[in-house]
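**Student:**
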Amino acid sequence: MIHLLHGTVEYWAKGAQTCRNYVSTANLEEHLSKRTSKYGDWSPDCPDGDVLTVDDATRGGADACILARQFGHSVLLFVNPWQVITGEPYFFSVLDAAMDARTEHNMLYRGETLWLKNPYHLRRFRKRAKALLMTMPASQAVAAAYDLAEKLGAKSLELPPHILPLTPAELCGLRDMGVRIESHGWSHTDIQSFDDAALIEDITRTREWLRSEIAADALLYAIPFGVSDIPLDLAPMFPHGYFLASSLRPQGKIAGRSWNRYDLTEQLNGSIQPNDSSERRNVAGKKTLTARAPDIR
Ligand SMILES: [Zn+2]
Numbered sequence: 003m004i005h006l007l008h009g010t011v012e013y014w015a016k017g018a019q020t021c022r023n024y025v026s027t028a029n030l031e032e033h034l035s036k037r038t039s040k041y042g043d044w045s046p047d048c049p050d051g052d053v054l055t056v057d058d059a060t061r062g063g064a065d066a067c068i069l070a071r072q073f074g075h076s077v078l079l080f081v082n083p084w085q086v087i088t089g090e091p092y093f094f095s096v097l098d099a100a101m102d103a104r105t106e107h108n109m110l111y112r113g114e115t116l117w118l119k120n121p122y123h124l125r126r127f128r129k130r131a132k133a134l135l136m137t138m139p140a141s142q143a144v145a146a147a148y149d150l151a152e153k154l155g156a157k158s159l160e161l162p163p164h165i166l167p168l169t170p171a172e173l174c175g176l177r178d179m180g181v182r183i184e185s186h187g188w189s190h191t192d193i194q195s196f197d198d199a200a201l202i203e204d205i206t207r208t209r210e211w212l213r214s215e216i217a218a219d220a221l222l223y224a225i226p227f228g229v230s231d232i233p234l235d236l237a238p239m240f241p242h243g244y245f246l247a248s249s250l251r252p253q254g255k256i257a258g259r260s261w262n263r264y265d266l267t268e269q270l271n272g273s274i275q276p277n278d279s280s281e282r283r284n285v286a287g288k289k290t291l292t293a294r295a296p297d298i299r
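In my numbering, the protein residues as written are 3 to 299.
1. On the three-pair Cβ rule with 8 Å, is the stretch 167-185 touching the stretch 104-120?
2. Indicate, with yes or no, if ligand 1 has a heavy atom lying under 7 Å from the CB of residue 75.
3. Does the beta-carbon distance from residue 190 to residue 62 come in below 8 Å?
4. Quick test of your reading: residue 5 and residue 266, contact by CB under 8 Å. State the CB separation rounded to the nearest angstrom.
5. Starting from residue 109, follow the beta strand (DSSP E) in both directions and report where the run begins and ends.
6. Counting only runs of 4+ residues fully inside the stretch 104-162, write out the alpha helix (DSSP H) ranges in chain order.
7. Whose C-alpha, out of 97, 139, 241, is nearest the C-alpha of residue 388?
8. Comparing alpha-carbon positions, which option in 82, 108, 206, 7 lies nearest residue 127?
9. Excluding the 5 residues preceding and the 5 following residue 327 in the sequence, name in chain order all residues of the same chain whose CB lies nearer than 6 Å to its CB.
10. What does DSSP give as the partner residue(s) for residue 56 in the beta ladder?
11. Between 68, 3, 161, which lies nearest to residue 31 when the distance is taken from Cα to Cα?
12. Buried or exposed for residue 185, going by 16 or more other Cβ atoms inside 10 Å?
13. What does the Cβ neighbour count give for residue 13, buried or exposed, with the cut at 16 atoms within 10 Å?
14. If you reduce the DSSP assignment to three classes, tell me which class residue 181 lands in.
15. Would you say residue 204 touches ligand 1, meaning its beta carbon is less than 7 Å from a heavy atom?
16. What is the rounded straight-line gap between the Cα of residue 174 and the Cα of residue 95?
17. Quick check on the DSSP output: the alpha helix (DSSP H) that includes residue 262 runs from which residue to which?
18. Compute the Euclidean distance between the alpha carbons of residue 248 and residue 57, then round it to the nearest angstrom.
19. I think residue 212 touches residue 183, with their Cβ atoms under 8 Å apart; what is that distance to the nearest whole Å?
20. Can you tell me whether residue 265 is helix, strand or coil according to DSSP?
21. Cβ of residue 57 versus every heavy atom of ligand 1: is any distance shorter than 7 Å?
Here it is in structure tokens:
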């Protein structure tokens with residue numbers, strides 16, 4: 003199995019939007035210390051052992067990688083150079099912080115009044131806002147997220163540290179402690195908004211920056227948002243593999259070079275039991291857990 007996390011937060015709070023894709027530090031420590039076998043390094047030739055991957059260049063993601071190394075595990079961190087270079091947060095981090103700090107109970111969104119009172123309202127709002135912002139260039143998406151924060155009544159918004167982006171120096175520090183740094187695309191834009199040429203440019207630019215600035219040979223690729231596959235003719239760009247994170251596909255190897263990952267977040271936060279009814283067998287006949295996590299980023 004290829005496991006996926008987005009990071010840890012020390013004070014995890016149920017229902018907090020800024021915690022929704024993170025696990026509590028204590029729960030991750032327990033998981034890492036109790037595993038009978040260590041997470042191994044990625045190799046497309048020997049996929050038997052479990053592999054741990056962490057997506058996005060955030061402090062919470064870095065903390066998860068540091069913990070993994072402290073407990074003797076291999077770990078791969080998939081990062082976006084644009085956030086690292088500019089220090090700008092991910093648009094979804096701004097959106098989540100704004101939802102936590104909202105003072106309005108409803109808002110006018112694209113001509114429609116949306117209520118923001120209960121978890122269902124919030125999920126619906128987040129889904130709709132994300133669908134729009136994920137296709138925008140990153141700087142535009144962040145600006146749009148701050149505009150939405152104003153409409154939510156979340157003024158002078160402060161983002162909690164675990165969702166802030168890493169600096170280049172922090173990324174080099176992770177590399178030096180043995181974290182494998184890989185590509186998550188230039189700025190976490192939805193690849194469906196790219197044509198082939200733009201996607202090739204995005205992938206190439208990311209690889210070149212990681213090589214020149216971080217001295218990391220990024221041969222792998224985790225597709226931003228984890229759901230849209232890359233066009234088949236671009237798969238040869240990743241002879242060592244690339245990764246999705248879709249709850250709708252089988253776990254493990256999907257096609258020649260594409261692999262699907264299991265998001266551990268809900269399980270580690272206690273809402274899915276490891277041996278509950280979501281356990282089933284994948285195409286290779288191995289036992290797997292079916293990811294219920296609906297909204298990977
Ligand atoms: Zn991501």
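Backbone N, C-alpha and C define an ideal beta-carbon position, used for all residues, glycine too.
**Tutor:** Once the coordinates are examined:
1. no
2. As a first step, residue 75 is located in the sequence shown; it is residue number 73 there, counting from the start. Flag unset: Cβ of residue 75 not near ligand 1.
3. Here residue 190 refers to the residue found at position 188 of the sequence shown. Here residue 62 refers to the residue found at position 60 of the sequence shown. It is not a contact, given that the beta carbons lie outside the stated cut-off.
4. Looking up residue 5 in the sequence shown gives position 3. Looking up residue 266 in the sequence shown gives position 264. Contact holds; Cβ gap of about 5 Å.
5. Numbered from 1 along the sequence shown, position 107 holds the residue referred to as residue 109. Segment 108-111, the beta strand (DSSP E) holding residue 109.
6. 121-135, 140-153
7. The requested residue 388 does not occur in the structure, where the chain is confined to residues 3 to 299.
8. Counting from one through the sequence shown, the residue named residue 127 turns up at place 125. Measuring from the Cα of residue 127, the nearest candidate turns out to be 108.
9. The structure shown does not extend to residue 327, since the chain is modelled only from 3 to 299, so the question has no answer here.
10. Working through the sequence shown from its first residue, we reach residue 56 at position 54. Partner(s): 7, 79.
11. Position 29 of the sequence shown, counted from the start, is the residue given in the question as residue 31. Of the listed residues, the one whose Cα sits closest to residue 31 is 68.
12. Taking the sequence shown and counting its residues from 1, the one referred to as residue 185 is at position 183. The residue in question, residue 185, is buried, as its Cβ has 16 or more Cβ neighbours within 10 Å.
13. Reading the sequence shown from its first residue, position 11 is the one you call residue 13. Exposed: under 16 other Cβ atoms inside 10 Å.
14. Reading the sequence shown from its first residue, position 179 is the one you call residue 181. Coil.
15. On the sequence shown, position 202 is the one that residue 204 refers to. The answer is no for residue 204.
16. Translated into the one-based positions of the sequence shown, residue 174 becomes position 172. Translated into the one-based positions of the sequence shown, residue 95 becomes position 93. Between residue 174 and residue 95, the C-alpha separation is close to 23 Å.
17. If you number the sequence shown from 1, residue 262 lands on position 260. Here residue 262 belongs to no alpha helix (DSSP H); instead the beta strand (DSSP E) covers 260-262.
18. Numbered from its first residue, the sequence shown carries residue 248 at position 246. Numbered from its first residue, the sequence shown carries residue 57 at position 55. Approximately 14 Å, taken between the alpha carbons.
19. Working through the sequence shown from its first residue, we reach residue 212 at position 210. Working through the sequence shown from its first residue, we reach residue 183 at position 181. At roughly 6 Å, the Cβ-Cβ gap stays under 8 Å, so residue 212 and residue 183 are in contact.
20. Looking up residue 265 in the sequence shown gives position 263. Strand at residue 265.
21. Translated into positions along the sequence shown, residue 57 becomes position 55. Yes, Cβ of residue 57 sits closer than 7 Å to a heavy atom of ligand 1.
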